[in-house]
Amino acid sequence: MATGIKDKVAILGMGCSKFGERYDCGPEDLMFEAFQECQQDAGIETEAIDAAWFGMLYGAESTGSSATPMSLALRLPNIPTTRVENMCCTGTEAFRGAAYAVASGACDIALALGVEKLKDTGYGGLPAGSMGPKADLWWP
1 MATGIKDKVA ILGMGCSKFG ERYDCGPEDL MFEAFQECQQ DAGIETEAID
51 AAWFGMLYGA ESTGSSATPM SLALRLPNIP TTRVENMCCT GTEAFRGAAY
101 AVASGACDIA LALGVEKLKD TGYGGLPAGS MGPKADLWWP
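Each residue of the sequence shown is one higher than the last, beginning at 1 in full-length UniProt numbering.
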């Protein structure tokens, strides 16, 4: 029987980059800014991180489709990194992956990080697109 992950995972720290139109910063700069704040909040060294999850929806337009930009920007040690993408839930997907890795015992400390730079992609917001063939059942 499934028991869930309650009482198996704790959030040690968090960080957030400054919000705004930050044309002077790239995604890597925003990642590093949030990571530094998180590290200070948690009181841990980079070497303590066992695995990392990176969430970015429109990465192909800026950082590419792997977690390598996060590893390089944060100077993470030789640890497994995973890039996830799940539309508006991308950050939550990264958090979920990190939480389940800790809950399962696969690692002791996991990092979840998400970043977006929509204004740098050439359009003012999320692109228009289909919500699927049965969208009218949910959004009449």
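Ideal Cβ placement from N, Cα and C applies to all residues, glycine included. This one's a predicted model, so the numbers in the text were calculated from it and none came from an experiment.
Can the beta-carbon of residue i be found less than 9 Å from the beta-carbon of residue j?
i	j	result
Leu113	Ala48	no
Thr82	Ala51	yes
Per DSSP, which residues does residue i bridge with? Please list them.
i	result
Cys88	Asn86
Thr81	Ala52
Ala110	Ala51
Please classify residue i as buried or exposed, where buried requires at least 16 neighbouring CB atoms within 10 angstroms.
i	result
Cys38	buried
Ala101	buried
Met87	exposed
Thr46	exposed
Gly91	buried
Thr68	exposed
Alpha carbons only, please: which of the options is nearest the one belonging to residue i?
i	options	result
Leu111	Cys88, Leu118, Asp24, Val84	Val84
Pro27	Ala103, Gly91, Leu76, Met70	Met70
Ala106	Gly91, Pro80, Glu93, Cys89	Pro80
Ile44	Val115, Asp108, Asp7	Asp108
Ser17	Val9, Asp7, Phe32, Ile5	Phe32
Cys89	Ala73, Ser104, Val115, Arg75	Val115
Is it the case that the CB of residue i approaches a heavy atom of the ligand COA more closely than 8 Å?
i	result
Arg83	Of ligands this structure carries none, so the ligand COA is not represented either.
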